[in-house]
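Mapping to my numbering: the sequence shown position 110 is 127, numbers consecutive.
Using N, Cα and C, we set each Cβ at its ideal position, and we do this for glycine too.
First comes the structure, then the notes that go with it.
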Amino acid sequence: MTVEEALQMLKEKGYKYTGKREEIIRICAEEKRYLSAKEIMERIKDQYPNLSFDTVYRNISTFVDLGILEQTELEGEGRFRLACSVGHHHHHLICTECGKTSSLSACPMNLLSVMPDDFQVTGHKFEVYGTCKECISHA
(Lines of atoms letter the chains of each structure in order from A and count residues from 1; the text may use other names and numbers.)
(Lines give C-alpha, C1' and ligand atoms only; values in the text may rest on other atoms or scores of the structure.)
Protein backbone atom coordinates (compact mmCIF):
# COMPACT_ATOMS: atom_id res chain seq x y z
CA MET A 1 0.00 0.00 0.00
CA THR A 2 1.21 3.51 -0.75
CA VAL A 3 0.70 6.62 1.36
CA GLU A 4 -1.68 7.93 -1.30
CA GLU A 5 -3.72 4.71 -1.27
CA ALA A 6 -3.93 4.85 2.53
CA LEU A 7 -5.09 8.48 2.49
CA GLN A 8 -7.68 7.63 -0.18
CA MET A 9 -8.93 4.76 1.97
CA LEU A 10 -9.33 7.14 4.93
CA LYS A 11 -11.32 9.54 2.76
CA GLU A 12 -13.56 6.75 1.41
CA LYS A 13 -14.30 5.60 4.97
CA GLY A 14 -15.34 9.11 5.97
CA TYR A 15 -12.28 10.16 7.96
CA LYS A 16 -10.97 13.70 7.70
CA TYR A 17 -7.56 14.33 6.22
CA THR A 18 -5.10 15.78 8.73
CA GLY A 19 -1.39 16.39 8.44
CA LYS A 20 -0.88 14.35 11.59
CA ARG A 21 -2.60 11.32 10.11
CA GLU A 22 -0.62 11.62 6.90
CA GLU A 23 2.64 11.91 8.85
CA ILE A 24 1.91 8.77 10.89
CA ILE A 25 1.24 6.89 7.65
CA ARG A 26 4.39 8.33 6.02
CA ILE A 27 6.54 7.29 8.99
CA CYS A 28 5.24 3.73 8.69
CA ALA A 29 5.70 3.76 4.91
CA GLU A 30 9.35 4.81 5.18
CA GLU A 31 10.23 1.77 7.27
CA LYS A 32 10.32 -1.83 6.11
CA ARG A 33 9.85 -2.98 9.67
CA TYR A 34 7.36 -2.92 12.48
CA LEU A 35 7.46 0.20 14.68
CA SER A 36 6.16 0.66 18.21
CA ALA A 37 3.72 3.47 18.94
CA LYS A 38 6.53 5.03 21.01
CA GLU A 39 8.86 5.01 17.99
CA ILE A 40 6.18 6.64 15.85
CA MET A 41 5.60 9.25 18.55
CA GLU A 42 9.33 10.01 18.73
CA ARG A 43 9.46 10.58 14.98
CA ILE A 44 6.42 12.89 14.90
CA LYS A 45 6.87 14.92 18.10
CA ASP A 46 9.20 17.58 16.61
CA GLN A 47 6.71 18.39 13.87
CA TYR A 48 3.71 18.26 16.22
CA PRO A 49 5.01 19.07 19.74
CA ASN A 50 1.51 19.33 21.29
CA LEU A 51 0.34 15.99 19.93
CA SER A 52 -0.51 13.53 22.70
CA PHE A 53 0.47 9.88 22.77
CA ASP A 54 -3.22 8.99 23.13
CA THR A 55 -4.02 10.77 19.85
CA VAL A 56 -1.19 8.95 18.06
CA TYR A 57 -2.32 5.62 19.48
CA ARG A 58 -5.99 6.21 18.61
CA ASN A 59 -5.01 6.99 15.02
CA ILE A 60 -2.81 3.89 14.84
CA SER A 61 -5.74 1.78 16.14
CA THR A 62 -8.05 3.30 13.51
CA PHE A 63 -5.49 2.54 10.79
CA VAL A 64 -5.24 -1.08 11.96
CA ASP A 65 -9.05 -1.41 11.97
CA LEU A 66 -9.19 -0.02 8.40
CA GLY A 67 -6.42 -2.33 7.15
CA ILE A 68 -3.98 0.53 6.52
CA LEU A 69 -1.53 -0.72 9.14
CA GLU A 70 -0.68 -4.29 10.08
CA GLN A 71 -0.09 -5.13 13.73
CA THR A 72 2.02 -7.70 15.52
CA GLU A 73 3.44 -8.06 19.01
CA LEU A 74 7.16 -8.18 19.76
CA GLU A 75 8.60 -8.30 23.26
CA GLY A 76 5.13 -7.76 24.73
CA GLU A 77 4.54 -4.52 22.82
CA GLY A 78 2.29 -3.79 19.86
CA ARG A 79 4.21 -2.98 16.66
CA PHE A 80 2.86 -1.54 13.43
CA ARG A 81 3.77 -1.26 9.75
CA LEU A 82 2.08 -0.09 6.59
CA ALA A 83 -0.02 -2.86 5.10
CA CYS A 84 1.72 -4.73 2.33
CA SER A 85 0.92 -3.92 -1.26
CA VAL A 86 1.34 -7.56 -2.18
CA GLY A 87 -1.94 -8.45 -3.81
CA HIS A 88 -2.11 -12.00 -2.52
CA HIS A 89 -2.49 -13.72 0.83
CA HIS A 90 0.86 -14.04 2.59
CA HIS A 91 2.61 -14.11 5.95
CA HIS A 92 5.83 -12.61 7.33
CA LEU A 93 9.26 -13.49 8.62
CA ILE A 94 10.11 -10.92 11.32
CA CYS A 95 13.60 -10.18 12.63
CA THR A 96 13.45 -9.88 16.40
CA GLU A 97 16.63 -7.78 16.42
CA CYS A 98 15.82 -4.98 13.95
CA GLY A 99 12.13 -5.59 13.19
CA LYS A 100 12.59 -5.95 9.41
CA THR A 101 10.08 -8.14 7.64
CA SER A 102 9.98 -10.23 4.52
CA SER A 103 7.09 -12.12 2.98
CA LEU A 104 6.43 -15.84 2.96
CA SER A 105 4.64 -16.96 -0.17
CA ALA A 106 3.22 -20.17 1.29
CA CYS A 107 0.47 -20.31 3.87
CA PRO A 108 0.58 -22.93 6.63
CA MET A 109 -3.22 -23.20 6.55
CA ASN A 110 -2.78 -25.04 3.25
CA LEU A 111 -0.96 -27.78 5.18
CA LEU A 112 -3.93 -28.44 7.44
CA SER A 113 -5.74 -31.32 5.84
CA VAL A 114 -8.49 -31.72 8.42
CA MET A 115 -10.57 -29.03 10.04
CA PRO A 116 -13.33 -30.02 12.45
CA ASP A 117 -16.80 -29.91 10.88
CA ASP A 118 -18.09 -27.87 13.79
CA PHE A 119 -15.60 -25.02 13.31
CA GLN A 120 -15.60 -22.39 10.59
CA VAL A 121 -12.31 -20.54 10.11
CA THR A 122 -12.87 -16.81 9.60
CA GLY A 123 -9.23 -15.75 9.62
CA HIS A 124 -5.77 -16.60 10.83
CA LYS A 125 -2.36 -15.10 11.49
CA PHE A 126 1.02 -16.72 11.09
CA GLU A 127 4.38 -15.09 11.74
CA VAL A 128 7.88 -16.54 11.95
CA TYR A 129 10.35 -14.83 14.28
CA GLY A 130 14.11 -15.02 13.99
CA THR A 131 17.21 -13.04 13.08
CA CYS A 132 17.84 -11.57 9.63
CA LYS A 133 21.12 -12.00 7.73
CA GLU A 134 22.26 -8.43 8.46
CA CYS A 135 21.73 -8.76 12.21
CA ILE A 136 23.49 -12.15 12.30
CA SER A 137 26.52 -10.67 10.52
CA HIS A 138 26.71 -7.79 13.06
CA ALA A 139 26.55 -10.11 16.06
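{"Item": "Backbone CA spacing between cysteine 152 and leucine 128 [nearest angstrom]", "Value": "30 Å"}
{"Item": "Glutamate 40 in three-state terms, based on DSSP", "Value": "helix"}
{"Item": "Threonine 79, DSSP secondary structure in three states", "Value": "helix"}
{"Item": "Residues bridged to tyrosine 146 [DSSP beta-bridge criterion]", "Value": "Ile111"}
{"Item": "Among Tyr146, Lys150, Met126, the one whose alpha carbon lies nearest that of threonine 139", "Value": "Met126"}
{"Item": "Classification of tyrosine 51 by the beta-carbon crowding that lies within 10 angstroms, buried from 16 upward", "Value": "buried"}
{"Item": "Exposure of asparagine 67, with buried meaning 16 or more beta-carbon neighbours within 10 Å", "Value": "exposed"}
{"Item": "Cα-Cα separation between glutamate 21 and glutamine 88, rounded to whole angstroms", "Value": "20 Å"}
{"Item": "Backbone secondary structure at leucine 24 - three-state DSSP", "Value": "helix"}
{"Item": "Three-state class that DSSP yields for threonine 89 in the structure shown", "Value": "strand"}
{"Item": "Bridge-paired residues (DSSP) for leucine 52", "Value": "Phe97"}
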